[in-house]
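Please read the structure below before turning to the comments.
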Amino acid sequence: MTVDSFAARGPLSAAGFSFTIYRLDAVERAARLPYSLKLLLENLLRNEDGHTVTADQISALAGWDPAAEPAAEIQFTPARVLMQDFTGVPCIVDLVAMREALAALGGDAARIDPLRPVELVIDHSVIADHYGVPEAFDRNVELEFRRNAERYQFLRWGQNAFDNLRVVPPGTGICHQVNLEHLARVVFGEDGVAFPDTLVGTDSHTPMVNGLGVLGWGVGGIEAEAAMLGLPLSMLIPRVIGVKLTGALPEGSTATDLVLTIAEKLRAHGVVGTFVEFYGPGVANVPLANRATIGNMSPEYGATCAIFPIDDETLSYLRLTGRSAEQVALVEAYAKEQGLWHDASHEPTYSQTLELDLSAVVPSIAGPKRPQDRIPLADAPRAFHATLDGYVRWDPAPVGLDASSAESFPASDPVAVTGNRPGDAPAHFETAPAADDPPLNITRLTLKDGTSVEIGHGSVVIAAITSCTNTSNPQVMVGAALLARKAVEHGLRPKPWVKTSLAPGSKVVMDYLASAGLVPYLDKLGFALVGYGCTTCIGNSGPLIDEVARAVSEHDLAVAAVLSGNRNFEGRIHPQTKLNYLASPPLVVAYALAGSMTFDLTRDPLGTGGDGKPVFLRDIWPSQQEVQDVIASCLRPEMFTRDYADVFAGGEQWRALPTPEGELFAWDPDSTYVRRPPYFDGMSRTPEPLHDIEGARVLALLGDSVTTDHISPAGAIKRDSPAGEYLTGHGVAPREFNSYGSRRGNHEVMIRGTFANIRLRNLLAPGTEGGVTRHLPDGEQSTIYDAATRYAAEGVPLLVIAGKEYGSGSSRDWAAKGTALLGVRAVLAESYERIHRSNLIGLGVLPLQFTPGQSRESLGLTGEETYAVRGLAGPGEMPREVTVTAVGPAGVLQFAARVRIDTPTEGDYFRHGGILPYALRTLLPSA
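Residue numbers for the sequence shown follow the numbering used here, so the first one is 950 and each next one is one higher.
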């Protein structure tokens, strides 16, 4: 029951129903708050319990100082959780293990069920192996099921076993587009209470739904599991950056051009970790689909979210996508009653404001390796030549990006941009290509059909219409299809060395394109449907054309991919494409026709038409009116209601999967994808008293800015790695290793990849890179996993010692899970990234911090010492400091370290051994 210290509870009548709401106007000064903070304020009012969510937190948010650095902590309780399959599987694995543990302790296993709606969309596993032919979709789906049968059987079991888990089967869509078009409520009406739809998602592009006015962002698996179990997430009240929009997009510019302009502008301004909110008269000129595109790319400019308020455009989109009249009426009534309706004349209080004139947006691409590096289309050839020099002498080591992301094939949810380091930005250009530009290294090859072609540096070898970022947007999808029709009518064809593909984020896209009669033109240009999933955007681009791939390798060609996605880091899209450019779907088609980044789409002819005249891009580019006419005549609400009517049922292959039954999962002992995790082994009904740490050794001695991507397993599994040896030992051939992302449900694989990033430098093993350490006291060098296994057999607890900003980067659950399962009891660092510190506590690992002015270097710690951490033992409150004793060749050193358990709730989690044991014990019946 809500405490309701502010007497905020009140009535609302909407759509013939009466609801209780928690009124924002009950809190003084609430009206001045930005839209996003109003949503957080309502969340606190409704969930105030006097312990976890307090009146002080509500007052702190109401009294928000926009100029201050974030310091006040609040507890946010999301209404639901969104997952994709790579990140969702380990979360469901943990819930299943909790069920078993609860049953073993005498509880009712069925009580382990998500307390909030959880929706998992399988979208990260389809690969564009087959392309360019009508049967490509069916063939790719068949391969997807063959590769992922174990995971899919597990998820199908979970769909039936958990009441509050709904699974969208493969071949349906991308989680963010399905969320936008169907899952998002905008306003919940539940048990007589109306409240805003909010969420967290296990994918960084969750903010796509911000375009609907729904507050949400990406989190790691540990936070998602907490939210599933009804536990709030700790956060600091953020700074909010207001972006005032004016004007309207000009003819020839698209939503993609707009979002690339915003990414460039906001990344340059610096909005990392903030909320971004759009307001002003130009908001009304931004269609909902464009708003979603802008929200989708918020990780690329570093914002936590990028949200638009509710207005008439929101309601129009809800009607278009088949939401009920009652739901639309509730959204409108609630938003207007709570002061959440957009008023173009009202300017909320913001930490900072920026202004963007939409009419100034020009056609653009971004690349070749960072989403914020926007290039006006007219400058693209010059930008390519200016960049080429660095790629011809290409160092395959990623620049400004952690290796886990560079290896992400297929990727799951790698980091956005890790920094702005020297060399990250593209080369500056001012003039046409100079005489000393690197030669293009033109290479002749013969394709399978006997066609002789020439490719070289800058040749476009992948052109992919992909990703929910753009395929959710009818304007750019219809624009691409109309351009394809005009190209075909003019006799144009893609260059034969280009691998073309179309992977929309929902089935509705193909419905309206088919209704408009445009699919045959896309097919004729090779943009046949390859799957409903992320595909090329996350590196699931499949192989290049065989002859092209050989030529690229043999001649070390710097070739390009052009895609309508949101990320283009080196190595992410395809191992052989050194240059990767983001572009609108129409420009993807145009670059397939051009075949090279040296081609000037604004000046050079794409080919010769049937009349013998040159055909330019401007001749086949559709007008805004042409696009709008097709949308008006062919996009209908019944398409959404029909395609989403049985969205959780799946096709014949999904329904035919042999699936175990029962509330407890029947683990397959031979599975290398899904295994029972050991988190609850030996767990008692009550937590054991805390003990001091004695006789500990250092597993890793690390420097500054070690990110979660250095720690967490990601990318391809190498044959000679501990994970590769494990899989080989279980009869898995190297070609079937798949990626760490696909095997997140198997802790045996994941712990072997923890701290194994090839760019990790463990100072305990100088001169090495990757997951290498020394076992002490004998000094034998080995992998971190093998050393941890030896220490475990010897009964030796482990420490990690690090510098500043430990655990920065994306929130990754396995950065904490792997640390705990390796036997690390505590981490001692100079400073932490907040979420990773919280995740360590959630896994029962103690975060310690050097006192100000002290560090590993100042104390002379080498990592070869034996350590004790004393002051933890006892039943009382968590200590603020502990004493660390290091015994080494130089003698005995004692120093104080801060205990970075900052809230009573975190203290509860740590005493129980982590957040999952804590949640489980709260569900146990009284003894």
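Ideal Cβ placement from N, Cα and C applies to all residues, glycine included.
Bear in mind that the values here come from a model prediction, so they are computed numbers and not experimental data.
- Distance between Gly1491 and His1523, taken at the CA atoms: about 8 Å.
- Distances from the alpha-carbon of Val1776 to those of Val1116, Pro960, Lys1766 and Ile1750 put Ile1750 closest.
- The C-beta separation of Ser1533 from Glu1200 comes to about 14 Å, leaving the pair out of contact by the 8 Å criterion.
- The stretch 1043–1063 makes no contact with the stretch 1211–1226: fewer than 3 CB pairs, one atom from each, lie closer than 8 Å.
- Pairwise C-beta distances place the stretch 1025–1039 in contact with the stretch 988–1007, as three or more of them are shorter than 8 Å.
- DSSP lists Arg1393 as the bridge partner or partners of Glu1403.
- The stretch 1524–1604 contains, as complete beta strand (DSSP E) runs of 3+ residues, the segments 1526–1531 (chain order).
- Separation of Pro983 and Ala1017 (C-alpha to C-alpha, rounded to the nearest whole angstrom) is 15 Å.
- Inclusion of Asn1089 and Val1479 in the CB contact set at 9 Å is warranted, their separation being smaller than that value.
- Contiguous alpha helix (DSSP H) elements confined to the stretch 1678–1764 occur at 1696–1702 and 1733–1743, taking only those with 4 or more residues.
- Counting only residues of its own chain and dropping the five nearest sequence neighbours on each side, Gly1558 has a CB closer than 7 Å to the CB of His1439, Gly1440 and Val1564.
- One Cα belongs to Glu1685, the other to Ile1404, and the distance between them is close to 32 Å.
- In this structure, DSSP gives Pro1796 an extended state, which the three-state scheme calls strand.
- In the three-state reduction of the DSSP assignment, Phe1137 falls in the strand class, which pools E and B.
- One Cα belongs to Pro1445, the other to Ala1500, and the distance between them is close to 14 Å.
- Annotated three-state conformation of Gln1287 is coil, per DSSP.
- Using a Cβ-Cβ distance cut-off of 8 Å, the stretch 1200–1209 and the stretch 1301–1321 are in contact, since at least three pairs of beta carbons, one from each stretch, lie closer than that value.
- Looking only at Leu961, Tyr971, His1073 and Asp998, the smallest Cα-Cα distance to Gly1488 is reached by His1073.
- Secondary structure note for Asp1306: its beta strand (DSSP E) is the uninterrupted segment Gln1301 to Asp1306.
- If you draw a straight line from the Cα of Gly1316 to the Cα of Gly1514, it comes to about 12 Å.
- With respect to Asp1653, Glu1718 sits apart: the two C-beta atoms are not nearer than 9 Å.
- When secondary structure is reduced to three states using DSSP, Leu1114 falls in the strand class.
- Straight-line measurement puts the Cα of Ala1645 at about 18 Å from the Cα of Ser1731.
- Here Arg1521 carries a coil assignment [DSSP, helix/strand/coil].
- Contact check for Leu1842 and Leu1808: beta-carbon distance about 6 Å, within the 8 Å limit, so the pair qualifies.
- Taking C-beta atoms as the reference points, Gly1167 and Leu1215 fail to come closer than 9 Å.
- Its chain contains Leu1821 and Ala1822 as the residues whose beta carbon lies nearer than 8 Å to that of His1640, once the 5 sequence neighbours on both sides are disregarded; these appear in chain order.
- The beta carbons of Pro1325 and Met1546 sit no closer together than 9 Å.
- Under DSSP, Glu1226 forms a beta bridge with Gly1191 and Ile1256.
- His1785 is a Cβ neighbour of Thr1657, given a cutoff of 9 Å.
- Collapsing the DSSP output to three states places Phe1086 in a helix.
- Where Thr1420 is concerned, the enclosing alpha helix (DSSP H) starts and stops at Cys1417 to Thr1420.
- Residue range Lys1448 to Leu1451 is occupied by the beta strand (DSSP E) that includes Lys1448.
- Contact between Gly1170 and Thr1147 fails: their C-beta atoms lie close to 19 Å from each other, not under 8 Å.
- Here Thr1871 is exposed: its Cβ has fewer than 16 other Cβ atoms, across all protein chains shown, within 10 Å.
- As the crow flies, the alpha-carbon of Ser1153 is around 11 Å from that of Arg1761.
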